[in-house]
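Trainee: Chains as they are written, first to last, in my numbering: chain A, 1 to 387; chain B, 388 to 774.
1. Any chance the stretch 486-495 of chain B sits against the stretch 127-137 of chain A, with 3 or more Cβ pairs inside 8 Å?
2. Please determine whether the Cβ atom of residue 332(A) lies at a distance below 7 Å from any heavy atom of the ligand HEM.
3. What separation, rounded to the nearest whole angstrom, lies between the Cα atoms of residue 260(A) and residue 46(A)?
4. Rank 631(B), 527(B), 694(B), 742(B) by C-alpha distance to the C-alpha of residue 706(B) and give the top, closest one.
5. What does DSSP give as the partner residues of residue 139(A) in its beta bridges?
6. For chain A, check one thing: does any of its Cβ atoms lie closer than 8 Å to the Cβ of residue 539(B)?
7. When we look at the beta-carbon of residue 632(B) and count the other beta-carbons within 10 Å, is it buried (16 or more) or exposed?
8. Hey, residue 526(B) and residue 501(B) are a contact pair by Cβ (cut 8 Å); roughly how many whole angstroms apart?
9. Helix, strand or coil, according to DSSP, for residue 321(A) in the structure here?
10. Would residue 229(A) pass as a contact of residue 223(A) if the rule is Cβ separation under 8 Å?
11. Using a Cβ-Cβ cut-off of 7 Å (strictly less than) and excluding sequence neighbours within five positions of residue 247(A), which residues of its own chain qualify?
12. Roughly how many angstroms lie between the CA atoms of residue 402(B) and residue 276(A), to the nearest whole one?
13. Taking 8 Å as the cut-off, decide whether the C-beta atoms of residue 189(A) and residue 271(A) are in contact.
14. Is the Cβ-Cβ distance between residue 173(A) and residue 145(A) less than 8 Å?
15. If you measure between the beta carbons of residue 509(B) and residue 692(B), is that distance less than 8 Å?
16. DSSP has residue 621(B) in a bridge; who is on the other side?
17. Who are the Cβ neighbours of residue 311(A) in its own chain at under 6 Å, not counting the five residues just before and after it?
18. From which residue to which residue does the alpha helix (DSSP H) around residue 95(A) run?
19. Should the stretch 350-368 of chain A be regarded as contacting the stretch 329-337 of chain A, the criterion being three or more beta carbon pairs within less than 8 Å?
20. Anything in chain B within Cβ reach of residue 238(A), meaning under 7 Å, just list it in chain order.
21. Does any CB atom of chain B fall closer than 8 Å to the CB of residue 103(A)?
22. What residue does the beta strand (DSSP E) around residue 223(A) start on, and which one ends it?
23. Following the continuous alpha helix (DSSP H) through residue 724(B), name the residue where it begins and the one where it ends.
24. For residue 20(A), does the count of other Cβ atoms within 10 angstroms reach 16, so buried, or fall short, so exposed?
25. Find the nearest neighbour of residue 130(A) within the set 485(B), 467(B), 762(B), 625(B), judged by alpha-carbon distance.
26. Ordered along the chain, which non-local residues of its own chain (more than five positions away) have a Cβ less than 7 Å from that of residue 253(A)?
27. Quick one: is residue 51(A) near chain B, going by C-beta distance under 8 Å?
28. Considering only the beta carbon of each residue, do residue 550(B) and residue 511(B) sit closer than 8 Å?
29. Starting from the beta carbon of residue 641(B), find every residue of chain A whose beta carbon is closer than 7 Å, and list them in chain order.
30. Rounded C-beta distance between residue 416(B) and residue 240(A)? I'm assuming under 8 Å.
31. By how many angstroms is the C-alpha of residue 427(B) removed from the C-alpha of residue 49(A)?
32. Take the Cβ of residue 209(A) as the centre, count every other Cβ of all protein chains shown within 10 Å, and call the residue buried at 16 or more, exposed below.
33. Restricting to Cα atoms, I'd like to know which of 582(B), 630(B), 618(B), 557(B) is closest to residue 696(B).
34. With a threshold of 8 Å between beta-carbons, can residue 736(B) be considered close to chain A, or not?
35. Can you tell me whether DSSP reads residue 519(B) as helix, strand or coil?
36. Distance, Cα to Cα, residue 250(A) vs residue 226(A)?
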């Protein structure tokens, strides 16, 4: 481990001017300095004889009881979601749980047609792919929930705050036979004001976006219906026979630290620190974008955050959903790629390619370079305009 | 962690006479005493700031380079599979990789019929389920490879040594358009003599069966074709966006210990200890079964093991594939369940229900109770016969 620790403790990456900066993925490495500071408190020791069994206990099957406790505790501390009378299902990231909900909410036993799966545009770019990649006969992607007008059963993914555009969302289709999956990956105080303690039927969260530990691949679902929870666990059983116990125990430890850190204000408070960092990044991005005149960004209302108690909290989403307003640039992702900035094309979210999604949760160095390169475009672009 | 460590260091489970013993799953907890002895050597320390990113490095995407190195080193030490010029793909257990191979070996881009998936009876009971559970349009389960006689492309799972019956296997169908997946989960010295260093196109292994660390959910594939390896990684990306890094680093550490332990004979040598334990269990099972006269077990030839250098090594598989020879017992699993022994029904393996699969890799206490209860049946059964 020494080598790894050393690599962790110094900032070894140096991006050259020729190198592309990758802001396509939402790789949440921005919280690394915080976690380095907390490193000792959150250190986990695993002996060679732990975690031999597939199972955690006879009742929970794959879920480690420590993780269940810390998940419930954190939701109670933050007040973002109800946990009483909910079943917790653990997954290898919330990505696996999205598939588990599809499996659980369809009826694999009958021979009916595939259930339609929808989400309102702009929808999270992975929804179509994870729904369709195995050409399942149980479910199929049907695109934009706003224009969906078919009869019969359907499943709607409600992503709130929404990836890519950071807006708070409710269900769109609202028909009798629909089932809702609330993907609440970003419903944490660093990204958005906590405006209510939600209690939907099926709610998904992920360790990756909550604390930034994406490499651990831990997600969880809060599920009201016991049978749905059981079927989701069945999916996880068939797909991967459970979820890494090392990761589960580590997530329990780190979520426990986050809950405790919320007791006191200051730089050790994880969400407070996260909120300050996100606000700073958004302020800088908005400044540069305003200077350029080429792009626009969404605006978010000021709201009362139940967690901080502050009345005028603005959302600072993990992504900038940026629109290019120059008429001659039809594909913003392609244009930015030419400037060595890799972003995700609006098309991937069911949208116009004038939009791109830019990750704002990467390393500080990448973020700074993004701002520099955006400013440089402005220079070039103004130059062109003046010619 | 203290609580967990304490639970680990004492044998807290005490099975009551009324309790069912579960030998249905192959939960490999029998190696726990060895790992407890090695606990300190194999202790892993993970700091709070490690593993924030989804990615390991730009080339391997999800595979930790340390794990890749230790996997290749162990195969070189054991001599069971070629690693030179192979691509290593990491998965959340080999279960995920079985699905990844199906995805990679079909052609998701064309609109052709689902590819048929087969394996020779008795086949591993999870193959049908993991092939069919999402009703994929890419592939479908077609059952026994021995009776398979259709044209067109197909995929054959070749499980060697085979779960449930412990036999060494080659491909069965042998047609031009077939693709083979070699599931070599049990091709390790504690279970079977290593008779050759195999070099098939796609070979699957799992940490669970190699060392007994099933809770870590780490599997790996050795893949000859780069495009197949890439597609498998793509599957892992869509399905779970990678594999727990905590588990990967722990697997690297433990596999490294196993490689080093092979340098010297004695009780610290993992495979030597494993081989002795498995041989002892088999000797006891064969004794009890011989006494009963009710059941029969497969016999395995004595072979030259390249790893130990011994010429008359017998297989000691992880499961006893037991047949009930009493005419009035048509369903052996049901019969044994009545005796509070939970096993897996032969039907699940495409076989006669007179067969059951019994896990021999569980805890010592369970194994002893299994022998006691099997002996008690003999008594009851003889009693009935004499009436």
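Ideal Cβ placement from N, Cα and C applies to all residues, glycine included.
Mentor: The answer reads as follows:
1. yes
2. The ligand HEM is not part of this structure, which contains no ligands at all.
3. The count along the first chain starts at 1 and reaches residue 260(A) at position 260. The count along the first chain starts at 1 and reaches residue 46(A) at position 46. Approximately 22 Å between the Cα atoms of the pair.
4. If you number the second chain from 1, residue 706(B) lands on position 319. Comparing Cα positions, the closest option is 742(B).
5. By 1-based counting over the first chain, the position of residue 139(A) is 139. Note: residue 139(A) sits in a beta bridge opposite 115(A).
6. As a first step, residue 539(B) is located in the second chain; it is residue number 152 there, counting from the start. Chain A, which has no Cβ nearer than 8 Å to the Cβ of residue 539(B), makes this no.
7. Your numbering for residue 632(B) matches position 245 in the second chain. Looking at its Cβ environment, which holds 16 or more other Cβ atoms inside 10 Å, residue 632(B) is buried.
8. Start at 1 with the first residue of the second chain, and residue 526(B) comes out as number 139. Start at 1 with the first residue of the second chain, and residue 501(B) comes out as number 114. Right, their Cβ atoms sit about 5 Å apart.
9. Within the first chain, numbered from 1, the residue matching residue 321(A) stands at position 321. Looking at residue 321(A) - three-state DSSP - the assignment turns out to be strand.
10. In the first chain, residue 229(A) corresponds to position 229, counting from 1. In the first chain, residue 223(A) corresponds to position 223, counting from 1. Yes, the pair counts as a contact, with Cβ atoms nearer than the cut-off.
11. Along the first chain, read from residue 1 onward, the residue named residue 247(A) stands at position 247. Only 216, 217, 218 meet the Cβ criterion.
12. The residue given as residue 402(B) occupies position 15 in the second chain. The residue given as residue 276(A) occupies position 276 in the first chain. Distance between the alpha carbons of residue 402(B) and residue 276(A): 54 Å.
13. Walking along the first chain from the start, residue 189(A) turns up at place 189. Walking along the first chain from the start, residue 271(A) turns up at place 271. Yes, Cβ-Cβ distance for residue 189(A) and residue 271(A) is below 8 Å.
14. Numbered from its first residue, the first chain carries residue 173(A) at position 173. Numbered from its first residue, the first chain carries residue 145(A) at position 145. Yes.
15. Locating residue 509(B) in the second chain gives position 122, where the first residue counts as 1. Locating residue 692(B) in the second chain gives position 305, where the first residue counts as 1. Not closer than 8 Å, so no.
16. As a first step, residue 621(B) must be located in the second chain, where it is residue number 234. The partner list for residue 621(B) (beta bridge, DSSP) is empty, contrary to what the question assumes.
17. To locate residue 311(A), count along the first chain from 1; it is residue 311. Same-chain partners within the cutoff: 304.
18. Residue mapping note: residue 95(A) aligns to position 95 of the first chain, counting from 1. That run of the alpha helix (DSSP H) goes 93-105.
19. yes
20. Looking up residue 238(A) in the first chain gives position 238. Near residue 238(A) (Cβ distances below 7 Å), the residues of chain B are 516, 517, 520.
21. The residue given as residue 103(A) occupies position 103 in the first chain. Yes, residue 103(A) counts as interfacial toward chain B.
22. Position 223 of the first chain, counting from 1, holds the residue named residue 223(A). Looking at the DSSP string, the run of the beta strand (DSSP E) that includes residue 223(A) is 219-223.
23. Within the second chain, the letter at position 337 stands for residue 724(B). Segment 719-725, the alpha helix (DSSP H) holding residue 724(B).
24. Position 20 of the first chain holds residue 20(A). Exposed: under 16 other Cβ atoms inside 10 Å.
25. For this step, residue 130(A) is matched to residue 130 along the first chain. Ranking 485(B), 467(B), 762(B), 625(B) by Cα distance to residue 130(A) puts 625(B) first.
26. If you number the first chain from 1, residue 253(A) lands on position 253. Same-chain partners within the cutoff: 42, 44.
27. Mapped onto the first chain, residue 51(A) falls at position 51. For residue 51(A), the answer is yes, since a Cβ of chain B falls inside 8 Å of its Cβ.
28. Taking the first residue of the second chain as position 1, residue 550(B) is located at position 163. Taking the first residue of the second chain as position 1, residue 511(B) is located at position 124. For residue 550(B) and residue 511(B), yes; Cβs fall inside 8 Å.
29. On the second chain, residue 641(B) is found 254 positions in, with the first residue counted as 1. Residues of chain A passing the Cβ test: 48.
30. The residue labelled residue 416(B) in the question sits at position 29 within the second chain. The residue labelled residue 240(A) in the question sits at position 240 within the first chain. The Cβ separation is near 19 Å, so there is no contact.
31. For the purposes of this step, residue 49(A) is identified with residue 49 of the first chain, where counting begins at 1. For the purposes of this step, residue 427(B) is identified with residue 40 of the second chain, where counting begins at 1. Between residue 49(A) and residue 427(B), the C-alpha separation is close to 9 Å.
32. Position 209 of the first chain, counting from 1, holds the residue named residue 209(A). Counting Cβ neighbours within 10 Å, residue 209(A) comes out buried, since at least 16 surround it.
33. Counting from 1 along the second chain, the entry for residue 696(B) is found at position 309. Considering only alpha carbons, the answer is 582(B).
34. As a first step, residue 736(B) must be located in the second chain, where it is residue number 349. Judged by the 8 Å Cβ criterion, residue 736(B) is not in contact with chain A.
35. Indexing the second chain from 1 puts residue 519(B) at position 132. Residue 519(B) falls in the helix class under three-state DSSP.
36. To locate residue 250(A), count along the first chain from 1; it is residue 250. To locate residue 226(A), count along the first chain from 1; it is residue 226. Their backbone Cα atoms lie some 26 Å apart in a straight line.
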